[in-house]
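In the working numbering, the protein residues as written are 2 to 667.
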């Protein structure tokens, strides 16, 4: 079905610079049982605490604490008992035992606090896991559920996209999504494939070109031969890679579980020994039990837990106030470990929106810059193409009046035509409009277009009555803070950031030169799997890689990296959910600052762990060597908790963020 110049159809709903995002599948927070139990335990604790502190009778607050124990503790207790049947002992069960032990010797509030902390942590982990799974499942909805399959006799039938087989021919009408990965047999159109490659502008497609499932067709019709099964499409592979990359983090989790197991076994053995040994040497049952319970209190990991959490949570809160959403304390800690950075181009280093950068009237033509822009804007005014929007916006920014036009026609992959003030105006790709003409005016237009394209711009030719009168250069605009951010990241990590993009090599090289990325660190024309491979190559050299991106095509690399950060304003749902952190206001300069804040948090964590270790060791030795009075044990335990908590809260101050900015600027 060859494409012809047709009347412009009804405008298709405009998509974002990076294509339409996957339909949202977002699980409600309180749809998770962990969140409901944790919230109930927290509310009960917050009601009981002021009653206890104000001297209310025990019957007023005691049942509330008891309910908090049950609400927040039954799930980890059950999980711990289940683990015991498999001959393993985890820290969650140990904390439940410690909380019950605290209550047994009168420290009901301490035990309830332990319960609330662990219940809340479990709920947050469950929520993060569920949201990522929602986004991955939602990505599959990018591919349409049905497709128009063409039969050999010219007939057409609607079939499920999953039923398409390699070799089938499908029809993609204007404004429809491509139903399968394949190759164009006939027709011409522009296809927005930013979801796959990250390219900011629709790509012209004609016979022989490859198209991807889930990408959005423009104004032309295409006949496409299916070349991959639905399960092997690029989108399906993206989903598989996100899931695979998430699973590669399991070894770290296994290491943590091993540490928990050893600690739990040691803690239980020590508590039993503290109880049984004195009893065996003739000590009284009550005194032995009191010594063992005191040991359990002073040796409990409350201070150790708070040694790490307040600095990280304070850093998260400070970053949030400055436009960076860090999804968990684990992520905040990992940010401080990165020593290599991989940056996407479109929507990350650039704004992701095409803009007119050059207006060049041709020698010998009468329009000046403003007149040339008015001519182009009038012809492009009805079009929904991103390049057309850029031209019209440029005219409006200059305050120019756009005249009326008539006889508007659009040719997919070629350009538009219209009549303006009695003159026939055509706008489109120089190679298509010039058609190999060799006169002086055409040669000048071709030379100007080549110069712009060599500089990484998209060249648009303007003709009036068949005569070239000017060239417009259009490009994605660099973010104002891109160059300073690249410099700051190089200073912080000690290595030069690398550029990984699906855009063409010329555009990538031009932008890299502007921001200070060396040519050897530029990787262009990459599909999602290629970006993952680039990240893995860095990891094989011993680097902990931070990936910064915004599109669906960046999601696999975000998941595969040590840490991933997504640009929030124009980022796809999958990128936002897969990334470990989100730059809410798209201020790229906040990335080196949040890395510096993370490193400050890690320093405070070390300080706090030393403080907590000194207190716990001292109190345990006191309890074992002499007789530690329970009130002093509780005072020492709670005192160490308060000290490390207050030390960690230092990162809440704005001064900490300013110091982070200064560290990145050095």
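For each residue, glycine too, the CB sits at the ideal point set by N, CA and C.
Identify the residues that DSSP records as bridge partners of residue i: which are they?
{"i": "residue 226", "result": "170, 184"}
{"i": "residue 105", "result": "Beta-bridge pairing links residue 105 to no other residue."}
{"i": "residue 568", "result": "584"}
{"i": "residue 648", "result": "DSSP lists no partner for residue 648."}
{"i": "residue 476", "result": "356"}
{"i": "residue 206", "result": "190"}
{"i": "residue 157", "result": "151"}
{"i": "residue 28", "result": "DSSP output for residue 28 lists no bridge partner at all."}
{"i": "residue 218", "result": "192"}
{"i": "residue 429", "result": "416, 462"}
{"i": "residue 424", "result": "421"}
{"i": "residue 549", "result": "344, 566"}
{"i": "residue 178", "result": "217"}
{"i": "residue 362", "result": "471"}
{"i": "residue 211", "result": "184"}
{"i": "residue 500", "result": "344, 523"}
{"i": "residue 326", "result": "583"}
{"i": "residue 309", "result": "DSSP, once it has assigned bridges, lists no residue as partnering residue 309."}
Thinking just about the alpha-carbon of each residue, which of the options is nearest to the one in residue i?
{"i": "residue 385", "options": "175, 483, 65", "result": "175"}
{"i": "residue 150", "options": "496, 180, 447", "result": "180"}
{"i": "residue 120", "options": "75, 156, 538", "result": "75"}
{"i": "residue 627", "options": "541, 467, 296", "result": "296"}
{"i": "residue 475", "options": "495, 453, 468", "result": "453"}
{"i": "residue 273", "options": "110, 292, 612, 460", "result": "292"}
{"i": "residue 209", "options": "228, 286, 220, 510", "result": "228"}
{"i": "residue 73", "options": "97, 38, 552, 606", "result": "38"}
{"i": "residue 34", "options": "615, 77, 49, 456", "result": "77"}
{"i": "residue 642", "options": "220, 617, 173, 656", "result": "617"}
{"i": "residue 409", "options": "270, 383, 399", "result": "383"}
{"i": "residue 463", "options": "66, 277, 373, 285", "result": "373"}
{"i": "residue 312", "options": "610, 630, 629, 637", "result": "610"}
{"i": "residue 651", "options": "637, 625, 662, 604", "result": "604"}
{"i": "residue 648", "options": "601, 662, 637, 625", "result": "601"}
{"i": "residue 577", "options": "326, 104, 499, 434", "result": "326"}
{"i": "residue 305", "options": "529, 614, 623", "result": "614"}
{"i": "residue 517", "options": "534, 539, 489", "result": "489"}
{"i": "residue 117", "options": "97, 420, 127, 105", "result": "97"}
{"i": "residue 491", "options": "510, 71, 339", "result": "339"}
{"i": "residue 89", "options": "281, 267, 530", "result": "267"}
{"i": "residue 289", "options": "636, 101, 629", "result": "629"}
{"i": "residue 554", "options": "529, 541, 562", "result": "529"}
{"i": "residue 612", "options": "644, 177, 545", "result": "644"}
{"i": "residue 411", "options": "191, 158, 187", "result": "191"}
Would you mind giving the Cβ-Cβ distance between residue i and residue j, rounded to the nearest angstrom? I have them listed as a contact below 8 Å.
{"i": "residue 193", "j": "residue 347", "result": "Not quite, the Cβ-Cβ distance comes to about 12 Å (not below 8 Å), so this is no contact."}
{"i": "residue 395", "j": "residue 356", "result": "7 Å"}
{"i": "residue 599", "j": "residue 316", "result": "6 Å"}
{"i": "residue 69", "j": "residue 45", "result": "4 Å"}
{"i": "residue 692", "j": "residue 500", "result": "Residue 692 cannot be examined here, being either before or after the span of the chain that is shown, 2 to 667."}
{"i": "residue 310", "j": "residue 330", "result": "6 Å"}
{"i": "residue 590", "j": "residue 486", "result": "5 Å"}
Using C-beta distances below 6 Å, list every residue in its chain close to residue i, excluding the 5 sequence neighbours before and after it, in chain order.
{"i": "residue 234", "result": "182, 214"}
{"i": "residue 378", "result": "392, 393, 396, 403"}
{"i": "residue 586", "result": "324"}
{"i": "residue 387", "result": "202, 355"}
{"i": "residue 549", "result": "344, 349, 566"}
{"i": "residue 251", "result": "With a pLDDT of 35 at residue 251, under the threshold of 50, the predicted position of this residue should be treated as unreliable, though the coordinate-derived value follows. Cβ neighbours of residue 251 beyond the five flanking positions: none."}
{"i": "residue 562", "result": "536, 546, 548"}
{"i": "residue 588", "result": "324"}
{"i": "residue 249", "result": "With a pLDDT of 46 at residue 249, under the threshold of 50, the modelled position of this residue cannot be trusted; read the value that follows with caution. Cβ neighbours of residue 249 beyond the five flanking positions: none."}
Near residue i, which residues of its chain fall below 8 Å by C-beta distance, leaving aside the five closest residues on each side in sequence?
{"i": "residue 231", "result": "144, 162, 163, 165, 181, 214, 237"}
{"i": "residue 351", "result": "201, 477, 478, 479, 480, 483, 512"}
{"i": "residue 543", "result": "none"}
{"i": "residue 624", "result": "275, 292, 295, 296, 299, 634"}
{"i": "residue 167", "result": "227, 228, 229, 230"}
{"i": "residue 85", "result": "94"}
For residue i, which residues in the same chain have their Cβ closer than 7 Å to its Cβ, ignoring the five residues on either side in sequence?
{"i": "residue 21", "result": "Annotation note: pLDDT 40 at residue 21 (below 50); position unreliable, no value reported."}
{"i": "residue 370", "result": "360, 362"}
{"i": "residue 455", "result": "507"}
{"i": "residue 1", "result": "An answer regarding residue 1 cannot be provided, because it is not within the stretch 2 to 667 covered by the chain."}
{"i": "residue 368", "result": "362, 376, 470, 471"}
{"i": "residue 381", "result": "389, 392, 393, 417, 428"}
{"i": "residue 661", "result": "594, 597, 598, 601"}
{"i": "residue 434", "result": "416, 427, 462, 464"}
Measuring CB atoms only, is the stretch 520-528 touching the stretch 309-324, in the sense that at least three cross pairs come out at less than 8 Å?
No: fewer than three Cβ pairs fall under 8 Å.
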